[in-house]
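Chains as they are written, first to last, in my numbering: chain A, 394 to 727; chain B, 7 to 329; chain C, 14 to 315.
Note that beta-carbon positions come from the ideal geometry of N, C-alpha and C, so glycine has one too.
Bear in mind the structure is a predicted one, so any value in this text is a computation, not a measurement.
Notes follow once the structure below has been shown.
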Amino acid sequence: MNHLLEIRDLVQRFDVSPGFFDRLKIRNGRLRFPKSIVHAVNGVSFHIDRGEVFGLVGESGCGKSTIAKTVIKLHEPAGGQIRIGGEDITAYNYKQMIPVRKKIQMIFQDPYASLNPRLKVFDIITEPMALNGEKTGKAMMREKAQALLHRVGLGPEHLDRYPHQFSGGQRQRIGIARALSVEPELIIADEPVSALDVSIQAQILNLMMDLKDEFGFSYLFITHDLSVVRHISDRIGVMYLGFLVETGPSEAVFMHPKHPYTRALLAAAPSVDEKHHIEPMEITGEVPTPLELPPGCSFQSRCPFAFDRCAQERPRLASREPGRMEACHLLDAS
Amino acid sequence: MSEALLDVHGLKTHFHTFAGVIKAVDGVDFSVDKGEILGVVGESGCGKSVVGFSIMGLIDPPGRIENGTIRFNGRNLPDLDERHMRQIRGKEIAMVFQDPMTSLNPLYTIQDQMEEVMKLHEDMTAELRKNRCIELLEEVGISRSETRLKNYPHQFSGGMRQRVIIAIALASRPKLLIADEPTTALDVTIQSQILNLMKRLVKEHRTALMLITHDLAVVSEMTDKIMVMYCGRIVEKGTRDAIIKRCRHPYTFGLLGSIPKLGSRQRRLLQIRGMVPNIMDLPTGCAFAPRCDYARDQCRRRRPELIEIEKGHAAACFFPVER
Amino acid sequence: MKTNFVQTLIKKTGAFWASEFAHNFRGNLSAISGGVIILFFIVIVAFGPSLVRQNPYDIASLELMDAYKPPVWLPGGDARYLLGTDGQGRDVLASIVYGTRISLFIGLAAMICSSLIGATLGLIAGYFGGRLDGMIMRIADVQLSFPSILIALFLMSAFGTGIDKILISLTCVGWVIYARTVRGSTLSEKQKEYVQAARAAGLPNRLIIVRHILPNVMTPVIVVATIQIGTFILIEASLSFLGVGVPITKPSLGLLIKNGFDVLLSGLWWTSVFPGAVIMLLVFGINLLGDFLRDELNPRLK
């Protein structure tokens with residue numbers, strides 16, 4: 394049985410080295426030109442099945458957005474494998490990706506930057522359709538576009554308007570319509586509601602869930618907001634500094650978090666309702682730089698439970714309970 | 007009954023633009039006592055930031071405080087001239103803004119920027135100022151403060167910059183601190199650190215805090231009192247418990263229901279239908295009526311005033327939600 | 014069908030008149046002045062030759078006896094030649110009218126060439142980055158160190174005079190600013206999500222550049238282009254003044270100034286001063302409009 398999306402040991406790096414002369418340094422009396430590499434994703438593996446919502450959660454810089462962009466091949470992966478429905482697309486070139494792109498679509502975070510301000514809504518929504526070689530007549534395209542807009546709660550009169558004439562929530566609906574236009578199997582949603590007001594956020598989340606139930610696609614839902622991910626995901630993955638530190642069904646992970654970072658995240662997240670089941674835990678310090686990864690566990694510098702093994706050996710994701718995986722030495726000890 | 011530290015009455019701040027008049031704040035009454043934390047909550051465009059700027063006297067044309075009083079320590083702030091307002095800003099009332107990346111001048115060291123406030127309002131020798139800076143940095147939890155004084159803002163992370171900004175704000179021991187979305191741009195774990203820090207400092211020094219934010223969850227953990235704004239007006243205000251547990255205004259009710267809960271998973275979120283109306287074209291009567299499930303004729307004709315629900319809790323609604 | 018077109022035209026004009034842009038224009042004295050000046054020059058360029066009695070470059074219509082007549086309000090002036098005549102009997106007013114056309118033509122044509130080349134290179138450099146970017150920018154830097162006069166001299170000595178040589182020299186110098194500005198804007202638009210959305214949808218690069226990025230980087234180009242017309246007019250005037258500009262058969266305002274320069278100190282000032290004043294007025298008007306455009310097209314916060 395093939396998973397809809399499967400990622401194995403995905404690695405992504407970015408070279409942010411400054412220019413030649415800026416790199417010039419003298420170390421140990423010799424001229425060196427060290428490169429600055431951001432280790433954005435360091436060997437992440439997970440899978441998503443049909444009709445499932447997988448939430449990828451973490452703070453800024455943890456690599457979740459990078460994973461999203463790498464899966465859709467906006468960046469070529471530096472290592473690892475990406476499989477869509479069993480097909481290995483890791484090394485696919487532009488031409489080979491064309492049929493694949495029909496299966497994966499993306500929704501972006503910023504409703505004000507994710508739509509070309511100079512194009513009409515009709516052109517924006519139908520662009521993926523036109524690209525994927527759907528040679529339908531103009532009238533048919535219009536009908537389809539109208540149907541799409543209707544499905545996301547907008548009217549046919551909106552087709553000829555420009556993005557600046559819409560509110561943030563409406564623009565996000567247009568972005569969703571654009572993604573739906575080619576009937577994808579997987580939609581990658583990169584912080585789709587983070588820039589929206591609370592009441593609009595609820596509308597869009599409900600819309601996304603309704604569409605999923607109606608069309609049967611899956612979501613890779615990326616967010617930093619724990620309550621949102623709790624609400625929408627079937628399974629979640631928690632990321633820290635490019636590593637996946639815990640994964641499992643969202644109910645289980647939220648009720649009984651195992652990895653210290655997950656516990657800290659839950660303790661820190663402000664909540665309107667009482668969270669009696671989470672014990673308070675304050676972690677100090679800041680996220681270390683992704684330019685030079687520490688040798689052992691990436692979290693040990695801030696972890697209140699770190700012991701000597703943590704600084705020496707990098708923990709691997711392991712399953713101690715069916716369906717759940719954590720990367721932590723502490724859990725081995727017991 | 008002691009007089010409140012800050013007493014705002016009938017505040018109206020309007021912006022006269024080419025396209026029309028924006029009634030950003032349209033008749034707002036509230037008070038803050040010494041050492042109290044007030045949460046000003048609402049979605050974008052509700053006017054909460056403009057309230058903060060109005061108190062500080064930082065409204066630029068085409069905006070203008072049309073009406074109302076802002077009594078601080080017995081004086082009406084809009085009456086004061088710029089010179090007197092400058093004496094108050096930074097010393098008696100301080101403000102912290104949202105974006106820690108741009109709130110500090112990248113060209114000056116942390117020490118320069120901290121001392122700038124001190125030089126303005128206090129009379130201290132250079133030595134005393136430096137020691138005070140070190141003291142303040144340690145208070146906000148920045149270690150190795152003496153070395154860090156000479157650093158530039160870009161050498162600090164977002165969370166640490168916000169700490170510095172809080173340190174600058176509290177340097178002259180103001181009586182009131184206005185924080186406009188201070189942690190929105192920060193990560194969850196850092197946000198929690200900064201909020202706990204602010205709460206601790208504010209309680210320690212008996213500084214009043216006006217926390218302006220869109221995040222109801224933050225406000226529910228931090229505040230003593232909450233006021234909810236919509237389209238430039240207060241729709242409900244009361245103690246933290248009254249609002250979170252016993253809210254009566256349909257908007258507050260809808261807002262609380264829209265937030266996904268951490269403790270449980272619901273199938274569908276409560277959603278408020280429609281959108282926030284165009285601020286230049288507000289409906290007659292209650293601004294929330296077009297989106298309200300409980301609205302009746304009366305709501306569309308007359309604008310509801312705040313009526314008392316219980317002691318210390320009021321809602322601007324003719325038909326508050328039944329409990 | 015036709016009425017439909019006229020109707021939309023009227024509607025659009027009406028909408029434009031009521032827009033904030035037009036409103037600010039009406040309220041801005043310098044903008045209105047600039048507009049009036051430009052309008053005046055457009056009229057001159059379009060209708061000038063028919064309004065003026067004489068075609069100063071038609072040798073047959075010249076009367077050598079009328080050489081160096083002063084402007085009409087001075088003693089010795091002639092009502093036929095309002096601003097006087099030059100050494101060949103050419104009506105200064107008529108020369109200015111014809112000269113303005115040439116100056117404006119050169120300014121506009123050079124601006125169009127520069128902007129097309131510069132914007133294209135800027136888009137390519139900004140979008141593709143890497144070595145291509147580095148190369149284009151280094152060429153731009155080198156280009157800037159060559160004054161247009163040097164380039165004109167070289168071209169002249171190699172290929173002779175002519176308007177086309179001037180256009181080449183001006184374009185060689187003028188493309189750089191577009192390349193730089195457009196490259197900057199391209200870099201910033203490239204990061205925006207709508208470009209990533211297009212890439213994620215599988216749009217090929219050339220379509221992304223033309224359809225998504227280009228329309229969104231046009232604004233600074235318009236501002237620069239407007240002001241550059243004036244700059245080019247001045248550069249061309251200098252080139253002509255130095256003798257490496259337009260040929261004598263098609264004198265621009267700059268060449269007119271040069272022609273009168275030799276006799277300036279003898280008191281025959283009108284042949285130089287009037288063309289000079291006209292250039293000043295023209296460039297001034299362009300700059301006023303350009304300033305207004307720059308302030309208006311600047312994306313406003315909040």
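Backbone secondary structure at residue i - three-state DSSP
i                 : result
Lys-315 (chain C) : Per-residue confidence for Lys-315 (chain C) stands at a pLDDT of 31, beneath the threshold of 50, marking its modelled position as unreliable; the derived number appears in the next sentence. Coil, per DSSP.
Asn-486 (chain A) : coil
Met-499 (chain A) : strand
Glu-121 (chain B) : helix
Thr-145 (chain B) : Here the sequence assigns Glu to residue 145 (chain B), which means Thr is not the residue at that position. Glu-145 (chain B) falls in the helix class under three-state DSSP.
Glu-316 (chain B) : strand
Val-237 (chain C) : helix
Tyr-94 (chain C)  : strand
Glu-227 (chain B) : helix
7 Å Cβ shell around residue i - same chain, five flanking residues per side excluded
i                 : result
Leu-42 (chain C)  : none
Glu-549 (chain A) : Note that residue 549 (chain A) corresponds to Pro in the displayed sequence, not to Glu. Excluding residues within five positions, the ones whose Cβ falls inside 7 Å are Gln-539 and Leu-542.
Phe-24 (chain B)  : none
Ser-507 (chain A) : Phe-501 and Gly-568
Pro-180 (chain B) : Lys-97, Glu-98, Ile-99, Ala-100 and Thr-213
Val-123 (chain B) : Gly-96, Ile-174, Ala-177 and Ser-178
Arg-511 (chain A) : none
Ala-132 (chain C) : Tyr-191, Val-195 and Val-234
C-beta neighbour in chain A for residue i, strict 9 Å
i                 : result
Pro-233 (chain C) : no
Glu-206 (chain C) : yes
Arg-151 (chain C) : no
Gln-156 (chain C) : no
Arg-229 (chain C) : Before going on, a small fix: residue 229 (chain C) reads as Asn here, not Arg. Chain A contact via Cβ: present.
Ala-211 (chain C) : yes
Ala-80 (chain C)  : no
Gln-272 (chain B) : yes
Any chain B beta carbon closer than 9 Å to residue i
i                 : result
His-670 (chain A) : yes
Pro-663 (chain A) : yes
Arg-476 (chain A) : no
Thr-677 (chain A) : yes
Met-632 (chain A) : no
Neighbourhood of residue i by C-beta, 8 Å cutoff - its chain only, sequence neighbours within 5 removed
i                 : result
Ala-165 (chain C) : Lys-178, Ile-179, Ser-182, Leu-252, Val-257 and Gly-258
Arg-307 (chain B) : Thr-290 and Gly-291
Element boundaries [beta strand (DSSP E), containing residue i]
i                 : result
Thr-245 (chain B) : 239-245
Ala-30 (chain B)  : 26-38
Gln-405 (chain A) : 398-408
Met-166 (chain B) : No beta strand (DSSP E) holds Met-166 (chain B); the alpha helix (DSSP H) holding it covers 164-176.
Phe-439 (chain A) : 430-441
Met-216 (chain B) : 214-219
Met-101 (chain B) : 99-102
Ile-184 (chain B) : 182-186
Limits of the alpha helix (DSSP H) - the one that residue i falls within
i                 : result
Leu-12 (chain B)  : Premise fails: Leu-12 (chain B) lies in the beta strand (DSSP E), 12-23, not in any alpha helix (DSSP H).
Tyr-236 (chain B) : First-last for Tyr-236 (chain B): 231-236, but that is the beta strand (DSSP E), not the alpha helix (DSSP H).
Gln-474 (chain A) : Not the alpha helix (DSSP H): Gln-474 (chain A) falls in the beta strand (DSSP E), residues 472-477.
Val-186 (chain C) : 176-203
Ser-198 (chain B) : 194-210
Ile-148 (chain C) : The amino acid occupying residue 148 (chain C) in the given sequence is Met; Ile does not appear at that position. Segment 143-157, the alpha helix (DSSP H) holding Met-148 (chain C).
Glu-714 (chain A) : Taken as a continuous stretch (DSSP letters only), Glu-714 (chain A) belongs to no alpha helix (DSSP H), being part of the beta strand (DSSP E) at 711-714.
Residue i beta carbon near the ligand GTP (any heavy atom closer than 8 Å)
i                 : result
Gly-100 (chain C) : No copy of the ligand GTP appears in this structure; indeed no ligand is present at all.
Any chain C beta carbon closer than 9 Å to residue i
i                 : result
Gln-565 (chain A) : no
Glu-719 (chain A) : no
Met-490 (chain A) : yes
Neighbourhood of residue i by C-beta distance below 6 Å, restricted to the same chain and skipping five residues each side
i                 : result
Gly-102 (chain C) : Leu-75, Glu-76, Leu-77, Asp-79 and Ala-80
is_contact[residue i, chain E] using C-beta, thresh 9 Å
i                 : result
Pro-266 (chain B) : Among the protein chains of the structure shown, namely A, B and C, there is no chain E.
What are the complete alpha helix (DSSP H) segments, minimum 4 residues, inside the segment 574-639 of chain A?
Along the length of the segment 574-639 of chain A, whole alpha helix (DSSP H) runs at least 4 residues long occupy 591-608 and 619-625, reported in chain order.
Which runs of the alpha helix (DSSP H), 4 residues or longer, sit entirely within the segment 33-70 of chain C?
Within the segment 33-70 of chain C, the alpha helix (DSSP H) runs of at least 4 residues that lie entirely inside it are, in chain order, 33-40 and 42-64.
Ordered list of alpha helix (DSSP H) runs contained in the segment 66-97 of chain B, each at least 4 residues:
Note on the segment 66-97 of chain B: whole alpha helix (DSSP H) runs with a minimum of 4 residues are 88-94, in chain order.
Alpha helix (DSSP H) runs wholly inside the segment 252-309 of chain B, at least 4 long, in chain order:
Fully enclosed alpha helix (DSSP H) runs of no fewer than 4 residues occupy 256-264 and 303-307 of the segment 252-309 of chain B, in order along the chain.
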